[in-house]
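Worksheet: the structure to be examined is printed underneath.
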Amino acid sequence: MATVFKKTSMLTDAPFHYCPGCTHGIIHRLVAEAIEELGMADRAVGVAPVGCAVFAYNYFNCDMQEASHGRAPAVATGIKRTLPDRLVFTYQGDGDLASIGAAEINHAAARAEKFTTIFINNAIYGMTGGQMAPTTLVGQKTTTSPYGRDSSHCGFPIRVSEMLATHEGAYYIARVSVHDTPNIIKAKAAIKKAFQYQLEGKGFCLVEVLSTCPTNWGMNPIEALDWLKENMIPQYPLGVFKDKEGK
Amino acid sequence: MVKLTIREERCKGCGLCVRACPKGILQISSTKINQKGYHPAEMTDAASCIACASCARTCPDVCIEIEK
Amino acid sequence: MTKVLMKGNEAIAEAAIMAGCRHYFGYPITPQNQIPEYMARRMPQVGGCFLQAESEIAAINMVYGAAGAGARAMTSSSSPGISLKQEGISYIAGAELPCVVINMVRGGPGLGSIQAAQSDYFQATKGGGHGDYHLITLAPASVQEACDLVQLAFDLADQYRCPAMLIGDGMIGQMMEPVELREPVKRELPPKTWATTGWDDKSRPRAVVNSLYIESEDLEKLNRRLQERYAEIAKNEVRYEAYHTEDAEIIVFAYGTVARIVKSAIAKCAEKGVKVGLLRPITLWPFPKEAVYNAAAQESVKGLLTVEMCAGQMVEDVRLAVNGLKPVDFFGKLGSTLPTTEEIVDEIIELRKERA
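Chains as they are written, first to last, in the numbering used here: chain A, 236 to 482; chain B, 3 to 70; chain C, 204 to 559.
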């Protein structure tokens with residue numbers, strides 16, 4: 236019997252604490268497989284965020300550092316400049332990266348820091364119970380936009396990939412999704428490419444992954460996949476926004 | 003011959019695999035219940051499985067292993 | 204007046220609105236999320252402004268701006284977020300602005316835990332931010348008291364042109380208790396002629412809200428002014444509760460939720476024939492030094508015990524206040540857990556034996 240699919244050893248066997256159907260689990264696996272396939276399993280250092288993925292250090296089977304909320308890019312800068320030959324990555328949600336960490340991620344891109352960021356965008360603050368995020372859609376109800384996000388009160392969602400692509404230091408910026416099998420496969424390819432560029436010593440790479448939050452969106456996991464496809468993709472188009480190699 | 007194993011104790015019954023399966027041969031069990039109180043996924047027709055691994059790829063808890 | 208069963212965080216938010224707060228800037232962090240969530244629902248209903256800032260630092264600076272423009276502004280957070288706000292608080296103090304900051308304390312240091320703790324006493328009272336300033340620091344022990352103190356906080360802040368903090372161990376924000384939401388007693392407060400409202404009223408000087416005093420004589424003037432103000436606050440605004448302290452054998456010093464558990468321990472000790480009293484500071488700053496000393500100095504008192512959910516912070520102020528008269532013992536919970544009545548009773552009995 237040949238193995239068709241087996242859990243990568245780059246994930247520990249700790250059970251994920253994520254909600255049923257939360258796509259964090261899928262993305263963790265893609266990141267882990269990419270690292271393993273690039274032969275960097277014992278030369279990777281990850282930085283965990285504050286958010287649902289705060290326990291990421293329990294799941295990735297490599298050395299990990301916990302960063303304070305939003306500061307993972309700064310922490311990763313410190314790590315990569317100390318250990319330039321390691322594969323350094325941050326794994327951040329939209330509250331972490333686009334709200335409190337907006338300065339850090341912009342400057343990491345501008346400075347062309349040579350680490351990779353995996354950015355999980357689910358348009359909400361998951362861990363703290365469903366508050367509005369900078370990526371929350373206009374009209375979307377959250378616990379701090381109970382009447383629906385009103386653009387005349389608090390503006391419009393941030394398109395992180397497009398924003399970071401404007402930085403000359405950004406090397407590869409892509410937005411992908413994991414709402415069905417073909418997209419999961421494309422997401423993995425983007426993540427692997429971002430890591431590959433890091434191994435080649437190129438500049439800052441980020442992959443934005445559209446993700447679901449069934450619990451705080453108030454729907455079941457399948458409905459959440461559909462909501463993502465119907466509502467998030469029009470706002471956050473999939474594609475490559477920057478690739479200095481033009482491939 | 004395809005051998006598909008689901009780690010029932012890790013399954014949260016989210017249903018993503020049921021949606022992903024192109025053969026429609028996965029379902030959430032209405033009888034089984036695991037230690038955490040979830041109804042795990044189960045295969046209804048092993049002989050029809052083509053080992054595409056769509057289920058395994060979409061499982062957020064990496065519960066599914068496939069051998070061929 | 205009818206009582207409503209409310210969660211601490213929500214009651215505090217409603218009390219703030221009743222005190223006239225119409226500008227709230229916050230950010231999500233456990234265990235105070237219900238405050239921004241409640242404000243998001245309620246502020247539009249009263250024509251006020253709720254905004255979720257991009258971070259706690261942004262939020263405190265929004266408070267600075269609103270307060271500088273004359274508003275009753277408030278923010279809330281929990282320990283790590285309060286750490287972020289320290290620069291902003293120092294600026295607010297230096298610029299002589301009023302505001303209210305709510306801290307629902309969680310375990311630390313670092314990311315710590317999400318459960319209640321009392322490990323931010325130093326941060327609040329010894330100046331978590333830089334420079335010679337003080338935060339009026341109010342510590343409720345019940346949801347009702349939290350409501351009353353929020354209203355007091357706004358008044359004190361306005362009266363003294365000073366930031367005020369309401370500090371609750373995380374329990375206070377999460378628990379649900381019956382609350383009487385009273386209209387605050389109207390106070391004579393000085394008009395905010397210093398606020399940057401746009402200089403169309405030339406009867407007042409041009410308003411500049413600032414904390415930069417580059418000439419040393421000017422900085423000295425500011426600091427003297429602040430110190431005089433703090434002395435006035437210390438003279439007029441100390442608040443505490445003395446519970447069964449008269450002729451007690453042992454005095455326990457505790458605040459917040461811990462003080463309530465101490466009261467249960469006191470009842471248990473009374474059953475055993477041991478007279479125990481509680482001195483509960485309500486203002487952590489200004490600290491009730493005199494009351495602490497007077498309680499401790501009683502001839503009947505053989506032992507002093509401070510109980511906190513931390514490694515020992517308020518105990519230092521207790522020791523300073525007692526001024527070496529008698530030893531002050533300490534019992535602390537370090538893992539973000541509440542002490543049990545039995546634990547405190549055991550400590551008291553043990554202490555009593557030692558000091559007999």
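Even for Gly, the Cβ is constructed at its ideal location relative to N, Cα and C.
Based on DSSP bridge pairs, tell me the residues matched to residue i.
i, result
"residue 440 of chain A", "A:351 and A:407"
"residue 366 of chain A", "A:360"
"residue 476 of chain A", "Note: residue 476 of chain A sits in no beta bridge, so no partner."
"residue 394 of chain A", "Answer is none; residue 394 of chain A lacks a bridge partner."
"residue 281 of chain A", "A:299 and A:324"
"residue 45 of chain B", "B:28"
"residue 548 of chain C", "Partner(s): none; residue 548 of chain C has no beta bridge."
"residue 416 of chain A", "Per DSSP, none; premise fails for residue 416 of chain A."
"residue 163 of chain C", "Beyond the ends of chain C as shown, which are 204 and 559, falls residue 163 of chain C; an answer cannot be given."
"residue 319 of chain C", "C:309"
For residue i, return the contacting residues in chain B, with the cut-off set at a CB-CB distance below 7 Å.
i, result
"residue 487 of chain A", "Missing from the structure shown is residue 487 of chain A; chain A here goes from 236 to 482 and no further."
"residue 247 of chain A", "Here the premise fails: no neighbours, minimum Cβ distance about 11 Å."
"residue 253 of chain A", "62"
"residue 257 of chain A", "62"
"residue 473 of chain A", "Within 7 Å Cβ-Cβ: nothing; residue 473 of chain A doesn't reach chain B, min ~17 Å."
"residue 260 of chain A", "62, 63 and 64"
Can you pull the chain C residues whose beta carbon is under 9 Å from the beta carbon of residue i, in chain order?
i, result
"residue 366 of chain A", "230, 231, 236, 239, 240, 243 and 255"
"residue 301 of chain A", "313 and 314"
"residue 337 of chain A", "257 and 258"
"residue 380 of chain A", "243 and 255"
Just tell me which of the options has its CA closest to the CA of residue i.
i, options, result
"residue 283 of chain C", "C:398, C:299, C:260 and C:270", "C:260"
"residue 352 of chain C", "C:549, C:374, C:364 and C:385", "C:385"
"residue 550 of chain C", "C:477, C:325 and C:503", "C:477"
"residue 311 of chain A", "A:401, A:294 and A:340", "A:340"
"residue 429 of chain A", "A:257, A:354, A:301 and A:388", "A:354"
"residue 320 of chain C", "C:440, C:556, C:535 and C:545", "C:535"
"residue 315 of chain C", "A:236, A:395, A:319 and A:302", "A:302"
"residue 428 of chain C", "C:365, C:439, C:444 and C:377", "C:365"
"residue 323 of chain C", "C:211, C:215, C:526 and C:515", "C:515"
"residue 39 of chain B", "B:69, B:13 and B:27", "B:13"
"residue 292 of chain C", "C:408, C:309, C:269 and C:264", "C:264"
"residue 329 of chain C", "C:490, C:526 and C:527", "C:490"
"residue 363 of chain A", "C:231, C:463 and C:399", "C:231"
"residue 447 of chain A", "B:7, B:60, B:52 and B:47", "B:60"
"residue 557 of chain C", "C:508, C:546, C:521 and C:522", "C:508"
Taking Cβ-Cβ distances shorter than 7 Å, what residues in chain C pair up with residue i?
i, result
"residue 292 of chain A", "Residues of chain C passing the Cβ test: none, with the nearest at roughly 11 Å."
"residue 334 of chain A", "257 and 258"
Contact defined as beta carbons within less than 8 Å: I believe residue i pairs with residue j. What is the distance between those atoms, to the nearest angstrom?
i, j, result
"residue 452 of chain C", "residue 505 of chain C", "5 Å"
"residue 188 of chain A", "residue 250 of chain A", "One cannot answer for residue 188 of chain A here, as it falls past the ends of chain A, which runs 236 to 482."
"residue 239 of chain A", "residue 55 of chain B", "6 Å"
"residue 211 of chain C", "residue 459 of chain C", "No, residue 211 of chain C and residue 459 of chain C are not in contact; Cβ-Cβ is about 11 Å, not under 8 Å."
"residue 476 of chain A", "residue 425 of chain A", "11 Å between Cβ atoms; not a contact."
"residue 313 of chain C", "residue 279 of chain C", "Actually they do not touch by this definition, with Cβ atoms about 20 Å apart."
"residue 395 of chain A", "residue 384 of chain A", "Contact flag wrong, Cβ pair sits at about 17 Å."
Cβ closer than 8 Å: which chain A residues qualify as neighbours of residue i?
i, result
"residue 312 of chain C", "Per Cβ cutoff of 8 Å: no residues; residue 312 of chain C is ~11 Å from chain A at best."
"residue 46 of chain B", "Residues of chain A passing the Cβ test: none, with the nearest at roughly 18 Å."
"residue 39 of chain B", "Per Cβ cutoff of 8 Å: no residues; residue 39 of chain B is ~11 Å from chain A at best."
Mind pulling the chain B residues with CB within less than 8 Å of residue i?
i, result
"residue 242 of chain A", "64 and 67"
"residue 445 of chain A", "Those within 8 Å of residue 445 of chain A in chain B number zero; the least Cβ separation is about 14 Å."
List, in order along the chain, the chain A residues whose C-beta lies closer than 9 Å to that of residue i?
i, result
"residue 28 of chain B", "Result: empty, since nearest Cβ-Cβ is about 13 Å, beyond 9 Å."
"residue 56 of chain B", "415, 416 and 419"
"residue 53 of chain B", "239 and 240"
"residue 283 of chain C", "285, 303 and 304"
Which residues in chain F sit within 8 Å of residue i, going by Cβ to Cβ distance?
i, result
"residue 22 of chain B", "Of the protein chains in the structure, A, B and C, none is chain F."
Run down chain A in chain order and give the residues with a C-beta less than 7 Å from the C-beta of residue i.
i, result
"residue 33 of chain B", "What residue 33 of chain B touches in chain A: nothing, since even the nearest Cβ is about 19 Å away."
Going along chain C in order, which residues have a C-beta closer than 8 Å to the C-beta of residue i?
i, result
"residue 389 of chain A", "254 and 255"
"residue 369 of chain A", "257"
"residue 360 of chain A", "231"
"residue 363 of chain A", "231, 232, 233 and 236"
What in chain B is Cβ-close to residue i, meaning under 9 Å?
i, result
"residue 457 of chain A", "16, 17, 18, 20 and 21"
"residue 469 of chain A", "Within chain B, no residue comes near residue 469 of chain A; the closest Cβ sits about 21 Å away, beyond 9 Å."
*Can you give, in chain order, each stretch of the beta strand (DSSP E) that sits fully within the segment 304 to 349 of chain A and has at least 3 residues?*
The qualifying runs are 322 to 328.
*Taking only runs that begin and end inside the segment 364 to 411 of chain C, name each unbroken beta strand (DSSP E) of 3 or more residues, in chain order.*
List check, beta strand (DSSP E) in window: 366 to 372 and 379 to 382.
*Taking only runs that begin and end inside the segment 265 to 307 of chain C, name each unbroken alpha helix (DSSP H) of 4 or more residues, in chain order.*
Complete alpha helix (DSSP H) runs here, min 4: 282 to 297.
*In the segment 472 to 531 of chain C, which residue ranges form an unbroken alpha helix (DSSP H) of at least 4 residues, counting only runs that do not cross its ends?*
Runs found: 492 to 500 and 517 to 525.
_Runs of beta strand (DSSP E) wholly within the segment 413 to 455 of chain C (minimum 3 residues, chain order)_ = Those beta strand (DSSP E) runs which fall completely within the segment 413 to 455 of chain C and span 3+ residues are 443 to 446.
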